[in-house]
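Visitor: For reference, the structure I am asking about is given below.
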Amino acid sequence: MSGNRRRVVRRVGLIVLVVNVVLALAKGGVWWATGSLAVGSEAVNSAADTAYSLIVLAGLYLTTQPPDFQHPHGHERIEPFVSLFVAVGVFAAGAGVLWNATTTVLNGSYGGATGGLLSVGVLVASAGVKYGLYRYCRRVGETHRSPAIVATAMDNRNDILTAAAALVGVVGASLGVPVLEPVAAGVVSLGIIYTGYEIVRDNVNYLVGAAPDDELTAEILSTALEHPRVEGAHDVVAHYVGPEVDVSLHIEVEGDMTLFEAHDIESEVVTAIREIPEVDDVFVHVDPKELGEWKEDERATRLFERRTGEK
């Protein structure tokens, strides 16, 4: 992991923590001043976000530790577990919102203080801040291939929805229709639960060693074949190890070259493939093309032809 990525990922975790603390204090203050139940629920939500942000920050600090003797490839492979922790928090939040919305409607306990413009202001500001945080985390997570930061972005997107539901409740109570709050919250809870599913789905692939998408496999194959002395490539295997991709493949070269020449070609192919941002480690086996070990691989051929046709 580069020093720049390490600094950026840790900074994002710290920013998320600070923002959640500020929002929890702001919402708590408005709740205390107005007695608005909608704002109060949002204050509790932000307090919970603050607690889990501490754990996420600790997890990000651990995943960005440099390689050591016991972890020669670094600690990035821990990151999907941090993402799954975020998913657990998302599921819990969605279930909690759904439970509260359902029991509130069944008990007829909706209503109460609205807080007026002060409540509306803090909820609109919260949604705006969370939207900015969502966009920031999403961009950094995708740029630096951090599943934990992407999961955090999706959790911030959920907070926009819950703030919107609370805002509907405040406005509904002001208009004499307080039942709007639990109804809106119930709808929002389904979106939150689906977000948890998305986070789990994406990160399970990192944990079970799934293959990357066809575009990356095609890029790996074409990178190997771009070497002027590589006559062919086969048995290309790429799979996730944590959020990064490990690659193994066979390349074919002229059989009469020296071992030194074959070694140089292998090293150059490894270096070229490692320059692909998603790739961590590369293992290349060199075959003399005269052995005829090459075998028809329809998928590899299709991917290579599609990629070369796009260039």
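Numbering (our numbering), first residue to last: 93 to 403.
Backbone N, C-alpha and C define an ideal beta-carbon position, used for all residues, glycine too.
1) Are I343 and V371 closer than 8 Å when you measure CB to CB?
2) Starting from A330, follow the alpha helix (DSSP H) in both directions and report where the run begins and ends.
3) How is the alpha helix (DSSP H) around I241 delimited, first residue to last?
4) Could you give the residue range of the alpha helix (DSSP H) that holds E336?
5) Can you name the start and end residues of the alpha helix (DSSP H) that P274 belongs to?
6) Classify D160 as helix, strand or coil using the three-state DSSP reduction.
7) Pick out whichever of V136, T194, P172 and T235 has its Cα sitting closest to the Cα of V280.
8) Report yes or no: do the segment 151-161 and the segment 259-276 share at least 3 C-beta pairs separated by less than 8 Å?
9) Are there three or more Cβ pairs, one per stretch, closer than 8 Å when the segment 314-326 is compared with the segment 343-362?
10) On the premise that R230 lies in contact with A245, defined as a C-beta separation below 8 Å, what is that separation, rounded to the nearest angstrom?
11) If I'm right that N112 touches T142 with Cβ under 8 Å, what's the distance once you round it to whole angstroms?
12) Alpha carbon to alpha carbon, how far is S211 from V131?
13) Does the segment 181-196 come into contact with the segment 300-314, if we say contact requires no fewer than three beta-carbon pairs (one atom in each stretch) closer than 8 Å?
14) Among residues of its own chain, excluding the 5 on either side of V329, which ones have a beta-carbon nearer than 6 Å to its beta-carbon?
15) Which residue wins for smallest C-alpha separation from G188, given the options D373, L313 and G283?
16) When the Cα atoms are used, what is the spatial distance from I147 to R99?
17) Can you confirm whether the segment 220-238 touches the segment 249-258 when touching is taken to mean that 3 or more C-beta pairs between the two stretches lie within less than 8 Å?
18) On the three-state DSSP scale, how would you describe H355?
19) Could you give the C-beta distance for A150 and V214, rounded to a whole number, given that I count them as a contact under 8 Å?
20) Report buried or exposed for S359, applying the criterion of at least 16 other Cβ atoms within 10 angstroms of its Cβ.
21) Going by C-alpha distance, which of H167, V178, T126 and I357 is nearest A140?
22) For G301 versus P172, is the C-beta distance shorter than 8 Å?
Guide: With the structure as the only source:
1) Counted from its first residue, the sequence shown places residue 343 at position 251. Counted from its first residue, the sequence shown places residue 371 at position 279. I343 is not a Cβ neighbour of V371, given a cutoff of 8 Å.
2) Position 238 of the sequence shown, counting from 1, holds the residue named residue 330. Per DSSP, A330 belongs to no alpha helix (DSSP H); it is in the beta strand (DSSP E), G324 to V333.
3) Working through the sequence shown from its first residue, we reach residue 241 at position 149. In this chain, the alpha helix (DSSP H) harbouring I241 covers P239 to S266.
4) Translated into positions along the sequence shown, residue 336 becomes position 244. Secondary structure note for E336: it is in no alpha helix (DSSP H), and the uninterrupted beta strand (DSSP E) holding it is E336 to V345.
5) The residue given as residue 274 occupies position 182 in the sequence shown. Its alpha helix (DSSP H) spans residues L272 to V300.
6) Stepping through the sequence shown from its first residue, residue 160 is reached at position 68. Correct three-state label for D160: coil.
7) Here residue 280 refers to the residue found at position 188 when the sequence shown is read from its first residue. Proximity to V280 across V136, T194, P172 and T235 peaks at T194, based on C-alpha coordinates.
8) With contact defined as three or more Cβ pairs closer than 8 Å, the segment 151-161 and the segment 259-276 are not in contact.
9) In short, these stretches touch, since the Cβ pair count reaches three.
10) As a working note, residue 245 is residue 153 in the sequence shown. As a working note, residue 230 is residue 138 in the sequence shown. About 4 Å separates the two Cβ atoms, so the contact holds.
11) As a working mapping, residue 112 is identified with position 20 in the sequence shown. As a working mapping, residue 142 is identified with position 50 in the sequence shown. Correct: roughly 4 Å between the Cβ atoms.
12) Indexing the sequence shown from 1 puts residue 211 at position 119. Indexing the sequence shown from 1 puts residue 131 at position 39. Going from the Cα of S211 to the Cα of V131 covers about 6 Å.
13) Output reads no: the segment 300-314 does not touch the segment 181-196.
14) Here residue 329 refers to the residue found at position 237 of the sequence shown. Correct list, in chain order: S340.
15) Position 96 of the sequence shown, counting from 1, holds the residue named residue 188. The residue with the shortest Cα to Cα distance from G188 is G283.
16) If you number the sequence shown from 1, residue 147 lands on position 55. If you number the sequence shown from 1, residue 99 lands on position 7. Taken atom to atom, the span from the alpha-carbon of I147 to that of R99 is near 18 Å.
17) By the Cβ test, the segment 249-258 is in contact with the segment 220-238, since at least three Cβ pairs between them sit closer than 8 Å.
18) Position 263 of the sequence shown, counted from the start, is the residue given in the question as residue 355. Note: H355 maps to helix in three-state DSSP.
19) As a position in the sequence shown, residue 150 is number 58, starting the count at 1. As a position in the sequence shown, residue 214 is number 122, starting the count at 1. The beta-carbon separation of A150 and V214, rounded to 29 Å, does not stay under the 8 Å limit for a contact.
20) Numbered from 1 along the sequence shown, position 267 holds the residue referred to as residue 359. Counting Cβ neighbours within 10 Å, S359 comes out exposed, since fewer than 16 surround it.
21) If you number the sequence shown from 1, residue 140 lands on position 48. The shortest Cα separation from A140 among H167, V178, T126 and I357 belongs to V178.
22) Within the sequence shown, residue 301 is the residue found at index 209, counting from 1. Within the sequence shown, residue 172 is the residue found at index 80, counting from 1. G301 is not a Cβ neighbour of P172, given a cutoff of 8 Å.
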